[in-house]
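Inspection log for the structure reproduced underneath, given as C-alpha cells.
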C-alpha cells in the first residue's frame, strides 16, 4: 500500500492510473486478481471505496505486495445518488499520471492489456482515447450467448455514434484508457442521470480530435449479473430515469449535429436514434405505463423535429403491452395447472 507521502516517487515511474470505484464485493477479488496479473505493472491502482457496507479492504490488502495500490474509503456513499460524481472523485484520487483507466469492481482484463496499451501508445502517441474490445461473461465466468460487435482499429466519433445506435454494437466505461489532460479539457464526463449514456457521450466528445484507437490483441471481460444496474429493467423508477437520460442524450447529440460537430446525415441520425429508443422502450415495456410511452415518444419527436405524429409507435406499444400482459397471464395459468 502506498502512503500519500510516498506517492510522488511512484508517479515518476508510472504513467498510467487504473482507477476502480468500488462498492460490490461479489466479484471484487476477480477484478483485482486480473489487474495484479498484468505482465506490465507500470501503473498505480487507485481504489475508491464508496462507503461500502462490505469489507473491501480485506481483499485489497491481499495485493499490497504484488502491485502499487492507493486505497481510499470515502465517508459518504455517492454512487447510489450520483454515479458520475463517484467516477470523478475516484479519478481525482490519481496524482500526475498521464493516463486514466476507469475500471470496475466486477469486470476483468487480459494479462497483457497494460503491455499492449504502452506498446501501441508509444508507436501511435497522437491518440487521446484507446479502447479494448469486450467479451461478455456471466457470474460463472462463462461467455454469454450474445456477444458484442468488435470495433475497427480506428473509429471517429461520428462512425462510433452511428454504430452505437445499431443493435449489437456495445460500449461501456471499463474498456477505455484516456489522456487525463484531454478529459479535463473536454469538460470531464458528460452528465446524465444514473450515468446512463454519460460514457457514450464522453467518448464521442473525447474522440472528436483524433478518433478512438482499439487495442485489438487484448480483451476486457464485462460481467452481466443481477448486480448490474444496466440489467435492471423491472424497476419502474429506474427505467423511467433511464428514458429521461436517453432523452437528454438525444438533445445533446442533436445539438452537436446541428452545429456540424458530428459528420452524420441528420435524417439517418434521426432514424437510427428513433429505432434505438424504441428498442429500449420495448425492453422495459412491463415497467412503463401507456401514459409514459405517449409522453416520451412525443418528446422525442419534438427533440428530433419530426413532423409526423408518433401515433404508429404509440399504437404498437399499446397492443404490444396488451399482448405481453395476456402472455404472462396465460403462462401463470398454465404453470398453476401443471402444479
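Numbering (this note's numbering), first residue to last: 218 to 556.
Note that CB positions come from ideal geometry on N, CA and C, so glycine has one too.
Exercise for review: Buried or exposed for residue 535, please, with buried defined as at least 16 other CB atoms from any protein chain shown within 10 angstroms of its CB.
Suggested key: exposed
Check your understanding: For residue 233 versus residue 331, is the C-beta spacing smaller than 8 Å?
Key -> yes
**Study point:** residue 413 (DSSP reduced to helix, strand or coil)
**Key:** coil
Point to revise | Cross-strand partners of residue 287 (DSSP beta bridge) | key: 263
Check your understanding: Within 10 angstroms of its Cβ, does residue 392 collect 16 or more other Cβ (buried), or is it exposed?
Key -> buried
Exercise for review: Please report how far the alpha carbon of residue 473 lies from the alpha carbon of residue 281, in whole angstroms.
Suggested key: 45 Å
Check your understanding: Would you call residue 265 buried or exposed, if buried means 16 or more other Cβ atoms sit within 10 Å of its Cβ?
Key -> buried
Review point. Which first and last residues belong to the beta strand (DSSP E) in which residue 395 is found?
Key: 393–396
**Study point:** Beta-carbon contacts of residue 405 that lie in its chain and below 7 Å, excluding the five residues immediately before and after
**Key:** 305
Check your understanding: Since residue 325 contacts residue 438 with CB under 8 Å, what's their CB separation in whole angstroms?
Key -> 5 Å
Point to revise | In DSSP terms, what residue 430 is bridged to | key: 347, 371
Review point. Taking buried to mean at least 16 other C-beta atoms within 10 Å of its own C-beta, is residue 529 buried or exposed?
Key: exposed
Check your understanding: residue 273 and residue 245 look like a contact to me (Cβ under 8 Å); what is the Cβ gap, rounded to whole Å?
Key -> 6 Å
Check your understanding: Where are the alpha helix (DSSP H) runs, 4 residues long or more, that stay fully inside the stretch 475–528, in chain order?
Key -> 483–500, 507–520
Exercise for review: Tell me whether residue 535 sits in a helix, a strand or coil according to DSSP, three-state version.
Suggested key: helix
Review point. Relative to the C-alpha of residue 497, which residue among 413, 337, 298 is closest?
Key: 413
**Study point:** Reference residue 483; option with closest CA among 470, 276, 354, 509
**Key:** 470
Check your understanding: Sorted by chain position, which residues of the same chain lie with C-beta nearer than 6 Å to residue 224's C-beta, five sequence neighbours on each side aside?
Key -> Reliability fails at residue 224, whose pLDDT of 48 lies under 50, so the model's placement of it is uncertain and no value is given.
Exercise for review: State yes or no: is the C-beta of residue 378 within less than 8 Å of the C-beta of residue 514?
Suggested key: no
**Study point:** Option in 367, 396, 541 with minimal Cα separation from residue 389
**Key:** 367
Review point. Within 10 angstroms of its Cβ, does residue 226 collect 16 or more other Cβ (buried), or is it exposed?
Key: Summary for residue 226: the model assigns pLDDT 48, below 50, so the residue's position carries little reliability; its value from the coordinates is reported in the next sentence. With fewer than 16 Cβ atoms within 10 Å of its Cβ, residue 226 is classed as exposed.
**Study point:** Rounded C-alpha distance that separates residue 476 from residue 348
**Key:** 27 Å
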